[in-house]
DNA sequence: ATTGCAGCGTGACGGCCATCACAGCTAGGG
DNA sequence: CCCTAGCTGTGATGGCCGTCACGCTGCAAT
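Residue numbers (our numbering), protein chains in the order written: chain A, 1 to 238; chain B, 1 to 238.
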């Protein structure tokens with residue numbers, strides 16, 4: 001198979017480096033075989049769109065490499081970014097199992113390889129392998145969980161400073177354990193961060209300036225260093 | 001069995017009036033039998049709490065009658081109501097299947113009968129009945145779907161008027177089909193509505209006054225009549 | 001009746017932040 | 001090397017709405 005965007009295509013799921021953290025990792029071998037048979041790999045360039053909010057579900061995408069932005073938008077053009085998906089995640093799962101339209105839009109923001117499974121194949125597979133259906137349920141539960149926690153940061157904390165602090169702390173929780181100072185690379189623009197926390201671009205810029213002045217963090221290029229986790233936490237309920 | 005709060009207890013799921021819309025409706029009879037065997041019924045008075053955010057999951061509650069408020073709250077006492085559960089719904093599903101703590105708090109706001117299934121029994125049941133696991137996945141997908149749409153109303157529309165209009169339109173969509181004028185009974189206080197849309201109590205009061213003055217709706221006791229659905233819709237992107 | 005309490009209505013004030021406007025900055029591309 | 005385009009920084013302005021404060025109603029209990 002060609003690699004249209006200069007991306008190596010990993011043909012088999014068995015050799016996928018994310019097999020361990022993946023959804024279907026400890027299924028019996030025959031099930032994995034079956035899964036591989038109905039999976040088709042594809043590569044997408046930056047800017048491509050996997051699916052759009054409102055489309056009827058074609059199937060699920062298993063993210064092998066790259067990054068994908070999941071967002072929803074309103075009629076007047078405003079958009080809200082829910083999360084950035086990392087390799088190993090499965091996209092389009094809720095819509096595919098329920099049959100309702102995709103509730104989100106999935107845009108590729110870093111060149112991505114994704115494996116696709118069509119809805120009919122996928123449902124058939126789940127019906128035959130109850131164990132896998134349970135795994136899917138668990139995955140959905142976790143997705144729901146993170147949606148709720150996103151909702152809390154947006155809905156409960158009014159001050160934008162609080163929302164940004166929460167956002168950064170969540171990031172640092174994923175990326176590193178806390179030893180007082182956390183370094184992480186942030187590829188998002190201020191605009192995108194604004195859309196994630198429900199604020200305006202300018203406010204995000206000003207808040208970053210504030211936080212820098214208060215010695216809470218430090219920015220060098222696309223690397224962000226959180227100097228004082230405790231300091232950020234003190235912003236939360238002030 | 002006693003009926004401690006003056007509520008008739010329906011012992012068997014088979015005779016439950018919501019059997020049709022319920023999660024496990026068209027399972028094969030033996031599965032339903034098994035389900036009935038691990039289910040225990042209980043009644044709860046207004047003000048009771050089924051589970052609290054942060055608790056580790058004990059199991060699922062199947063709502064047979066009454067109403068239950070699902071909310072989440074932050075450290076400083078603010079709380080956000082996600083939805084009001086109606087009979088036929090299953091509560092605590094995400095936490096129970098993932099094993100993570102309950103992400104919400106479930107408070108009874110109208111005397112309720114709920115059937116309980118313990119986590120271990122429930123998981124065992126799902127493992128034995130793959131078909132049921134798939135149904136659970138679908139249910140979770142729909143719950144996720146509604147969480148996303150809730151998120152959009154809270155996150156994308158800042159004007160409180162817009163949020164309230166969205167909220168009312170959602171309500172009217174559930175309760176009736178649109179023929180220009182919709183009547184519905186609303187048992188929520190202004191305070192609770194405020195917590196659902198992320199606004200303050202006073203703002204909700206003022207907005208209702210506004211809407212009444214604009215002839216969009218009308219309130220008599222706990223009955224709310226939406227006079228002009230189109231009018232409310234025009235508030236959405238103004 | 002009286003007390004109490006929960007919910008509703010309404011005014012005043014002030015802060016936060018969205019919006020507009022514009023200016024420097026980096027990066028990539030011809 | 002400019003030139004365009006996207007990103008970032010910053011000021012000015014104004015409105016929305018959260019908060020405080022208080023009075024009102026209606027309902028329940030004693």
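For each residue, glycine too, the CB sits at the ideal point set by N, CA and C.
Considering only the beta carbon of each residue, do residue i and residue j sit closer than 7 Å?
{"i": "residue 84 of chain B", "j": "residue 100 of chain B", "result": "no"}
{"i": "residue 94 of chain A", "j": "residue 144 of chain B", "result": "yes"}
{"i": "residue 113 of chain B", "j": "residue 74 of chain B", "result": "no"}
{"i": "residue 116 of chain A", "j": "residue 56 of chain A", "result": "no"}
{"i": "residue 164 of chain B", "j": "residue 207 of chain B", "result": "yes"}
{"i": "residue 154 of chain A", "j": "residue 77 of chain B", "result": "no"}
{"i": "residue 51 of chain A", "j": "residue 106 of chain A", "result": "yes"}
{"i": "residue 140 of chain B", "j": "residue 132 of chain B", "result": "no"}
{"i": "residue 129 of chain A", "j": "residue 36 of chain A", "result": "no"}
{"i": "residue 98 of chain B", "j": "residue 142 of chain A", "result": "yes"}
{"i": "residue 232 of chain B", "j": "residue 169 of chain B", "result": "yes"}
Closer than 7 Å, CB to CB, is residue i near chain A or not?
{"i": "residue 68 of chain B", "result": "no"}
{"i": "residue 162 of chain B", "result": "no"}
{"i": "residue 193 of chain B", "result": "no"}
{"i": "residue 145 of chain B", "result": "yes"}
{"i": "residue 230 of chain B", "result": "no"}
{"i": "residue 35 of chain B", "result": "no"}
{"i": "residue 119 of chain B", "result": "no"}
{"i": "residue 65 of chain B", "result": "no"}
{"i": "residue 237 of chain B", "result": "yes"}
{"i": "residue 169 of chain B", "result": "no"}
{"i": "residue 53 of chain B", "result": "no"}
{"i": "residue 103 of chain B", "result": "yes"}
Of all the CB atoms in chain B, is at least one closer than 7 Å to the CB of residue i?
{"i": "residue 32 of chain A", "result": "no"}
{"i": "residue 97 of chain A", "result": "yes"}
{"i": "residue 106 of chain A", "result": "no"}
{"i": "residue 1 of chain A", "result": "Model confidence at residue 1 of chain A stands at a pLDDT of 46, short of 50, so the residue's coordinates are unreliable and nothing is read from them."}
{"i": "residue 156 of chain A", "result": "yes"}
{"i": "residue 136 of chain A", "result": "yes"}
{"i": "residue 197 of chain A", "result": "no"}
{"i": "residue 62 of chain A", "result": "no"}
{"i": "residue 58 of chain A", "result": "no"}
{"i": "residue 100 of chain A", "result": "yes"}
{"i": "residue 20 of chain A", "result": "Because the pLDDT at residue 20 of chain A is just 48, under 50, the model does not fix this residue reliably, and the point stays unresolved."}
{"i": "residue 38 of chain A", "result": "no"}
{"i": "residue 130 of chain A", "result": "yes"}
{"i": "residue 159 of chain A", "result": "no"}
{"i": "residue 126 of chain A", "result": "yes"}
{"i": "residue 133 of chain A", "result": "yes"}
Could you give the DSSP three-state label for residue i: helix, strand or coil?
{"i": "residue 57 of chain A", "result": "coil"}
{"i": "residue 30 of chain A", "result": "helix"}
{"i": "residue 38 of chain B", "result": "coil"}
{"i": "residue 188 of chain B", "result": "coil"}
{"i": "residue 139 of chain A", "result": "helix"}
{"i": "residue 3 of chain A", "result": "Low confidence applies to residue 3 of chain A: its pLDDT is 43, below 50, so where it sits in the model is not reliable enough to give any reading."}
{"i": "residue 219 of chain A", "result": "strand"}
{"i": "residue 44 of chain A", "result": "strand"}
{"i": "residue 114 of chain A", "result": "strand"}
{"i": "residue 51 of chain B", "result": "strand"}
{"i": "residue 106 of chain A", "result": "strand"}
{"i": "residue 83 of chain B", "result": "strand"}
{"i": "residue 157 of chain A", "result": "coil"}
{"i": "residue 172 of chain B", "result": "helix"}
{"i": "residue 228 of chain A", "result": "coil"}
{"i": "residue 212 of chain B", "result": "helix"}
{"i": "residue 183 of chain B", "result": "strand"}
{"i": "residue 149 of chain A", "result": "helix"}
{"i": "residue 65 of chain B", "result": "strand"}
{"i": "residue 74 of chain B", "result": "coil"}
Apart from the five residues just before and just after residue i, which ones in its own chain have a Cβ nearer than 8 Å to its Cβ?
{"i": "residue 182 of chain A", "result": "172, 175, 176, 225, 226 and 229"}
In chain order, what residues of the same chain have a beta carbon less than 7 Å from the beta carbon of residue i, not counting five sequence neighbours either side?
{"i": "residue 104 of chain B", "result": "53, 70, 71, 72 and 82"}
{"i": "residue 122 of chain B", "result": "59, 60 and 96"}
{"i": "residue 200 of chain B", "result": "194"}
{"i": "residue 190 of chain A", "result": "201, 204 and 205"}
{"i": "residue 110 of chain B", "result": "46, 66 and 67"}
What does a CB cutoff of less than 6 Å around residue i pick up in its chain, not counting 5 residues either side in sequence?
{"i": "residue 223 of chain B", "result": "185"}
{"i": "residue 213 of chain A", "result": "none"}
{"i": "residue 48 of chain A", "result": "108"}
{"i": "residue 152 of chain B", "result": "none"}
{"i": "residue 211 of chain A", "result": "217"}
Please determine whether the Cβ atom of residue i lies at a distance below 6 Å from any heavy atom of the ligand SAH.
{"i": "residue 38 of chain A", "result": "Summarising the ligand content, the structure contains no ligands, and the ligand SAH is consequently not present."}
Task: Residues from the stretch 72 to 98 of chain B in contact with chain A, defined by Cβ distance under 9 Å - done: Those would be 72, 73, 74, 75, 76, 78, 79, 80, 82, 93, 94, 95, 96, 97 and 98, in chain order.
Task: Cβ-based contacts, 8 Å cut-off: residues of the stretch 217 to 229 of chain A near chain B - done: For the stretch 217 to 229 of chain A, the set of residues with a beta-carbon nearer than 8 Å to any beta-carbon of chain B is empty.
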